[in-house]
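Novice: Taken in sequence, the protein lines are chains A and B.
Okay, so the first sequence: first residue is 5 according to our numbering, each after it adds one.
Okay, so the second sequence: first residue is 6 according to our numbering, each after it adds one.
Dumping the structure here so I can ask a few things about it.
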Amino acid sequence: MHEVAVPRLNANDETYLLVEWLCAEGQWVRHGEPIAVVETSKTATEVTAERDGILHHVRPARSECRHNDVLALLFPGPTPYEKFRARRDGDGGDDEDGDGSVEGPVLTNSARLLADAHGVSAERLRNLGKRVIKRADVARVVRTAEPEPEVERRELPRNQRAVAEVVSESHRTIPPGFVAVKVNVDRALACAGRLAHRTRRLIGLPELVVKAIGWLPAQFPLFFVTPLGDNTVRPATGAHVGLTIDVGNGLFVPVVREVGQLGITRISEILLDYRTRAVQDRGFGPGELSDANIVLALHNDPDVVLAGPLVHPGHVCVVGLAGICQELALDDEGAVAPRKICNLGLTYDHRLVNGGDAVRFLRAIKTMLEAPEELDWEGDG
Amino acid sequence: MRSERVVENLNRALGGLLDADPNTYLLGEDLADPYGGAFKATKGLSSRYPGQVLSTPISESAVVGVAGGLALAGNKAIVEVMFSDFVTLAFDQIVNFASKSVTMYGQWVPIRLIVRCPTGGRRGYGPTHSQSLQKHFMGVPGLSLYELSPFRDSLATFHEMIASGGPCLFFEDKVLYTSRMYLNGVVDDLFSFDHLDARGTVARVWADDGDDPDCVLICPGGLVHRAVSAARSMLIEDELTCQILVPAKLYPFDFEPVLPLLRQSRLICVVEDSTAGGTWGADLAHAIHGLLWGRLGRPVRLVHARDSVIPAAAHLERSVLVQDSTIRRAVKESLANA
């Protein structure tokens, strides 16, 4: 089989017009015989057969063609010609290789990739009734073709939905940094015991840490501000410490206001009240859950080594109190002795506070907890 | 039915003008049959209208001067400058005589003069037969600029120019001559077109109606094929939706029909064949910045030919003149910058 291509007839025209066929489909033509008339913008020219053969019209008369387009096929004899015709008719049409030459939508490259990957048929795409099919269109077809299996759905409790909203917002908007320090809590626990005995209140490490945070706004004002965006902040009026309380009835973050002005006794009363209400699932009023400017995340169950909670939107940092662990360490004489330690972590908004600031902040708490006897825990200032 | 070639449409339009009014004259070098003009736009016309179609000596200043005089005397005059590069020789007649004559006689005097300018490269004609000089005629009081478009019957554009009563330049991209007019809203298998105004002054080419376009390309008629090719590859390969606006009247520019579309687009890009510096596109961009300030997501992007004379060798010419790939690169670059 020989292909007759459209010759270069004119340097200026991009397309020519195939005016008419001079020889019929299936006719035997001789080398040099004119078979078609092609017209440029300037003149009409005859295209001749380049060898003897049986002619097949690839293009219809009155159609446009370009230089090098295949105009006709020449078969050396009736057998190959008939075979070609039979195969062609068997394919049932002129879109032999599905190259989109029949009317159909045009697919963008990424749409085609997706359609191929999921075996989406040309017919499905044609049925969309769109001329241009983008990736999103194919994605819709794929989704409807493979419906999600029916699964049982249960909505999260209201409280957890609120948590989800806050942590998602935090994750989306706050670029965090994290640092933790190890605190020797032997003396802090002893101090808490003495305070508890004297005041007949429940006083432990969380109460001491809350009180300690209350002493820090003067030295570390930036840890208590409210970020307002555009690199501006609203200064703080004091330490309002939110406490994460989760006793199995959901997570709540009630606030202890103006911690700097409260003694350890009052703080312990408030914490006990919050815990009791959480256990009894009595809930909190909206006023008790808002206006914190820093959060103490209580992860102080035994064997909790480290906690890195998320910074609440509107805050600069969150302090994470891990559980108390016993370890062996060398004492001043070089003898091995047991001691109790606790890791204190700080997650902070790195746009406002840097790692060095965070370490100084944690060390300030550490210093208070490691030498608690020097402080007036019961004072309200 | 097959559509006619652009040059056939132009020829028919010129014939229509000559036929409608015997006081219409067509002047230029080698216009008369059998040659019929360098690009065959006037083929057959001198035979049909022998007293109205006149071949002239090779002096653009003289030809435009005579035409200006005919127009001043109440006739309609059309000049073909064989290659628009040589319209510079008639600059004085156009700017200082024809354009000013409208207002310099104590009362408004119509000057029905059209200077046809076969323009642009991509045919290997070299530095002095390939330029696009539209920008040199911008902002001349009384002078209007139009461009040949495959979307608009040239007769309508000629009628509009004559009705304006002022001198007009009509830029005709030479490659466009042998391409086909677009009819019935069809550009190809992918793109359609319509007109944004009842008179058909601004054509809009679009593929994927529905979503707001990522980009609106504004280009004169000569750039239509390159713009459509760029829009096609951006749609297929980058999934970027472009609409193309093709104004028949370049200057003064009427923004009213196009503003609603411009407001919806993420990017506006003006494409032209001239080199950068004091161009039609820059003038358009400046006006759009003023009209849509505060709404634009990014500056209007301009695409020009390189700062160079136009080489004759095809591969060098391609590297200087705007190609479809130039447009696509510019649009993607602008859209990548927030």
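Note that beta-carbon positions come from the ideal geometry of N, C-alpha and C, so glycine has one too.
Leaving out five residues on either side along the sequence, give the residues of the same chain with a beta carbon under 8 Å from the beta carbon of D101 of chain A.
Specialist: Residue placement at D101 of chain A cannot be trusted, given a pLDDT of 41 that sits under 50; the coordinates are not used to answer.
Novice: I need the DSSP call for V213 of chain A, collapsed to helix, strand or coil.
Specialist: Three-state result, V213 of chain A: helix.
Novice: Does DSSP put D101 of chain A in a helix, a strand or coil?
Specialist: Legend: pLDDT at D101 of chain A = 41, less than 50; position of this residue unreliable, value from coordinates given subsequently. Three-state result, D101 of chain A: coil.
Novice: Report all residues from its chain with a CB closer than 8 Å to the CB of N16 of chain B; omit the five preceding and five following residues, and keep chain order.
Specialist: Excluding sequence neighbours, N16 of chain B sits near K45, A46, T47, K48, G49, L50.
Novice: Using a Cβ cut-off of 9 Å, which residues of the region 43-56 of chain A contact any Cβ in chain B, in chain order?
Specialist: Correct list: T44, S45, K46.
Novice: Alpha carbon to alpha carbon, how far is I245 of chain A from G218 of chain A?
Specialist: A small fix is needed here, since residue 245 of chain A is Val in this sequence, not Ile. Looking at the two C-alpha atoms, the distance is approximately 8 Å.
Novice: Is Y256 of chain B helix, strand or coil by DSSP?
Specialist: Y256 of chain B: strand per DSSP, three-state reduction.
Novice: Could you work out which residue in A:Q164, A:K215, A:S294 is closest to E382 of chain A when comparing CA atoms only?
Specialist: The option with the nearest alpha carbon to E382 of chain A is A:K215.
Novice: Ordered along the chain, which non-local residues of its own chain (more than five positions away) have a Cβ less than 7 Å from that of Q248 of chain B?
Specialist: Excluding positions up to five away in sequence, the list reads R209, V210, W211, P218, V221, L266.
Novice: Drop a sphere of 10 angstroms on the beta-carbon of I249 of chain A, count the other beta-carbons inside from all chains shown, and report buried for 16 or more, exposed for fewer.
Specialist: Under this definition I249 of chain A is a buried residue.
Novice: Can you give me, in chain order, the residues of the region 212-245 of chain B that have a beta carbon less than 7 Å from any beta carbon in chain A?
Specialist: From the region 212-245 of chain B, only A212, D213, L240, I241, E242, E244 have a Cβ closer than 7 Å to chain A.
Novice: R237 of chain B to S339 of chain B, Cα distance in whole Å?
Specialist: Roughly 18 Å between the two C-alpha positions.
Novice: Using beta-carbon positions only, say whether E29 of chain A and H61 of chain A come within less than 7 Å of one another.
Specialist: Yes, the pair counts as a contact, with Cβ atoms nearer than the cut-off.
Novice: Pairs of beta-carbons, one from the region 141-155 of chain B and one from the region 70-81 of chain B, closer than 8 Å: are there three or more?
Specialist: At 8 Å Cβ cutoff, the stretches do not touch.
Novice: Can you tell me where the beta strand (DSSP E) with H200 of chain B in it begins and where it stops?
Specialist: Run containing H200 of chain B: 197-200, per the beta strand (DSSP E) assignment.
Novice: When Cβ atoms are compared, which residues of the region 6-20 of chain A fall closer than 7 Å to chain B?
Specialist: Those residues of the region 6-20 of chain A that come within reach of chain B (Cβ to Cβ, closer than 7 Å) are N16, D17, E18.
Novice: Output yes if chain E places a C-beta closer than 7 Å to the C-beta of N113 of chain A; else output no.
Specialist: Looking for chain E here will not work: the only protein chains present are A and B.
Novice: If contacts are defined as beta-carbon pairs under 8 Å, then S154 of chain B and S279 of chain B qualify, I think. What distance do you get, rounded to the angstrom?
Specialist: The Cβ separation is near 17 Å, so there is no contact.
Novice: If you pair each beta-carbon of the region 321-329 of chain A with each one of the region 293-311 of chain A, do three or more pairs fall below 8 Å?
Specialist: The answer is yes - the region 293-311 of chain A touches the region 321-329 of chain A, with three or more Cβ pairs under 8 Å.
Novice: Taking just the CA atoms, how far does V110 of chain A sit from D103 of chain A?
Specialist: Per-residue confidence for D103 of chain A stands at a pLDDT of 40, beneath the threshold of 50, marking its modelled position as unreliable; the derived number appears in the next sentence. Computed Cα separation, rounded: 11 Å.
Novice: Using the beta-carbon of each residue, which ones in chain B are nearer than 7 Å to K138 of chain A?
Specialist: Near K138 of chain A (Cβ distances below 7 Å), the residues of chain B are E244.
Novice: Only counting runs of 3 or more residues, tell me where the beta strand (DSSP E) segments fall wholly within the region 211-266 of chain B, in order along the chain.
Specialist: Counting only runs of 3 or more, we get 220-223, 247-252, 254-256.
Novice: Identify the continuous alpha helix (DSSP H) that holds R334 of chain B and give its terminal residues.
Specialist: Start and end: 329-341.
Novice: Span of the alpha helix (DSSP H) holding D24 of chain B?
Specialist: It spans 11-25 - the alpha helix (DSSP H) in which D24 of chain B sits, taken as one unbroken run.
Novice: Using a 10 Å radius around the Cβ and a threshold of 16 neighbouring Cβ atoms, would you call M109 of chain B buried or exposed?
Specialist: Exposed.
Novice: List, in chain order, every chain B residue whose beta-carbon is nearer than 7 Å to that of R66 of chain A.
Specialist: In chain order: R7.
Novice: Check whether the region 285-292 of chain A touches the region 185-204 of chain A, taking contact to mean three or more Cβ pairs, one atom from each stretch, closer than 8 Å.
Specialist: With the cut-off at 8 Å, the region 285-292 of chain A and the region 185-204 of chain A do not touch.
Novice: Quick check on the DSSP output: what are the complete beta strand (DSSP E) runs of length 3 or more inside the region 106-184 of chain B, in order along the chain?
Specialist: The qualifying runs are 117-124, 149-152, 173-178.
Novice: If you drop the 5 nearest sequence neighbours on each side, which residues of the same chain put their C-beta closer than 8 Å to that of P262 of chain B?
Specialist: Around P262 of chain B: L201, D202, T206, V207.
Novice: Taking just the CA atoms, how far does A48 of chain A sit from Y20 of chain A?
Specialist: Roughly 9 Å between the two C-alpha positions.
Novice: Which two residues bound the contiguous beta strand (DSSP E) that contains Y20 of chain A?
Specialist: 20-25 is the extent of the beta strand (DSSP E) around Y20 of chain A.
Novice: Please report the distance separating the alpha-carbon of L307 of chain B from that of I119 of chain B.
Specialist: Each residue's alpha carbon lies about 28 Å from the other.
Novice: By how many angstroms is the C-alpha of E50 of chain A removed from the C-alpha of H35 of chain A?
Specialist: Taking the straight line joining both Cα atoms gives about 13 Å.
Novice: Cutting at 6 Å between CB atoms, please list the residues of its own chain near Q265 of chain A, excluding the five before and the five after it.
Specialist: Excluding sequence neighbours, Q265 of chain A sits near D384.
Novice: Does any C-beta atom of chain B lie closer than 7 Å to the C-beta of V110 of chain A?
Specialist: Yes, V110 of chain A lies at the interface with chain B (some Cβ there is under 7 Å from its Cβ).
Novice: Shorter than 7 Å from the beta carbon of T47 of chain B to some beta carbon of chain A?
Specialist: False, the Cβ-Cβ gap to chain A never drops below 7 Å.
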